[in-house]
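For reference, the structure discussed in these notes is given below.
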Amino acid sequence: MNGLPGDRMISFITSNKGKYVEARAIIDDLVQRDLGYTEIQAETLEEVAVYGMKEIMARIDGPAMLEDAGLFVTALGGFPGVYSAYVQKTIGNAGMLRLMEGISDRRASFMSVVAYVEPGLEIQMFRGMVEGQIGYEARGSAGFGYDPIFYVGDRSLAEMNLEEKNRISHRAAAMHALKEWLEAR
Ligand code: IMP
């Protein structure tokens, strides 16, 4: 139940199956739609999400959401941040570990920004964050992206199952915020 008239399904606009699976474990009424949208180069995740959502709104008319996430490494001044997808695609986790060689401050966080819209509503934004560390090696095979090098406590996110990652992750926090908002109105 999402509180929508007629209980319509929410389209999660993403090509990333991993994101969908994590979100679907929290919000029941989700369908994945891989529509593709422009991911602008901007300074904040919010700008990227809002721009993408405006493009999507012109193309579909039901309830929809999309998410933009990023990894922010303290010792690198927040890099890769809004460049996270590009950095993952180019140098990957091995490259990130190389960038961190000789750096003892391993603090990092993941941020998630979710944009949600439905007919007659302004775009609603929800955020989530998880703090952790960049490890010294990649470990685990669950999840996706930076999960093998992002550690919370002594385990990487890729060493956690879906339920464990969803107890702590940036995405889960943002999805819970959206869910609460949907249920509260
Ligand atoms: P985007 O939200 O798809 O633009 O994500 C930016 C980059 O961060 C991509 O390379 C993703 O694979 C990566 N990323 C996003 N969320 C996560 C996560 O939960 N774990 C690990 N990597 C992630």
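Residue numbers (the working numbering): 10 to 194. In this text, a Cβ means the ideal position worked out from N, Cα and C, and glycines have one as well.
Test item: CB-CB of F119 and V139 under 8 angstroms: The answer is yes: Cβ separation under 8 angstroms.
Is M184 near I35, with beta carbons less than 8 angstroms apart? For the pair M184 and I35, the CB atoms are nearer than the 8 angstroms cut-off.
Suppose you measure from the CA of A202 to the CA of L187; what does that come to, to the nearest Å? This structure cannot settle anything about residue 202, because the visible part of the chain is limited to 10 through 194.
So E64 packs on V57, CB below 8 angstroms; how close in whole Å? Between E64 and V57, the beta carbon gap of about 11 angstroms keeps them out of contact (Cβ cut-off 8 angstroms).
Rounding to the nearest angstrom, what Cα-Cα distance links E55 and L80 in this structure? Each residue's Cα considered, the two are about 14 angstroms apart.
Report all residues for which the CB-ligand distance to some heavy atom of the ligand IMP is below 5 angstroms; order them along the chain. Those residues whose C-beta sits under 5 angstroms from the nearest heavy atom of the ligand IMP are, from N- to C-terminal order along the chain, D77, A78, S93, A94, Q97, G154, Y155, D156.
Cα separation between N170 and A151? The alpha-carbon atoms of N170 and A151 are separated by roughly 7 angstroms.
Contact check, R68 vs L85, beta carbons under 8 angstroms: With a cutoff of 8 angstroms on beta-carbon distance, R68 and L85 are scored as not near each other.
In this structure, does DSSP put S121 in helix, strand or coil? In the structure shown, the three-state DSSP call for S121 is strand.
Name the two residues that bound the continuous alpha helix (DSSP H) containing M74. It is not in any alpha helix (DSSP H) - M74 instead sits in the beta strand (DSSP E) that spans 73-82.
Inspect the beta-carbon positions of Q142 and R176 and report whether they are closer than 8 angstroms. At a Cβ-Cβ threshold of 8 angstroms, Q142 and R176 do not count as neighbours.
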